[in-house]
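Colleague: Numbers in my numbering are just positions in the sequence shown, counted from 1, shifted up by 396. Ideal Cβ placement from N, Cα and C applies to all residues, glycine included.
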Amino acid sequence: MSEKLSPAKKNSVVLTEGPNRAAARSYLRGVGFSKEDLHKPIIGIANTWTEIGPCNFHLRQVAEAVKQGIREAGGTPM
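1. Consult DSSP for I441 and reduce its assignment to one of helix, strand or coil.
2. Our contact map puts A459 next to I441 with C-beta atoms below 8 Å; I'd like the distance itself, whole angstroms only.
3. So L455 and N443 are in contact, right, with Cβ under 8 Å, and what is the actual spacing, rounded?
4. Please report the distance separating the alpha-carbon of L434 from that of G426.
5. Which same chain residues, not among the five before or five after I438, have their C-beta less than 6 Å away from its C-beta?
Right, here's the structure in full:
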């Protein structure tokens, strides 16, 4: 990796860069992430959404809004 590493990407490279991470990249590509997605900072989203209780039912929509915000800011939500 010859380009200067962005501080926002420093943790994502553990998952996406180098020959020893080829298997991880192939799995991510297999579930729909593009090469471009994997070159962006990856942001994990934890969500307690469930359809069995009204307390958390709205959290699926909240998580989708968070994902959209991450995409708009130049990241890849996961």
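Modeller: According to the structure shown:
1. If DSSP states are grouped into helix, strand and coil, I441 belongs with coil.
2. So it is a contact: roughly 6 Å between Cβ atoms.
3. Right, the Cβ-Cβ distance comes to about 6 Å (below 8 Å), so this counts as a contact.
4. A straight line joining the alpha-carbon of L434 with that of G426 spans about 12 Å.
5. Taking I438 as the centre and dropping the five residues before and after it, the same chain places the C-beta of S408, T472 and M474 closer than 6 Å to its C-beta, in chain order.
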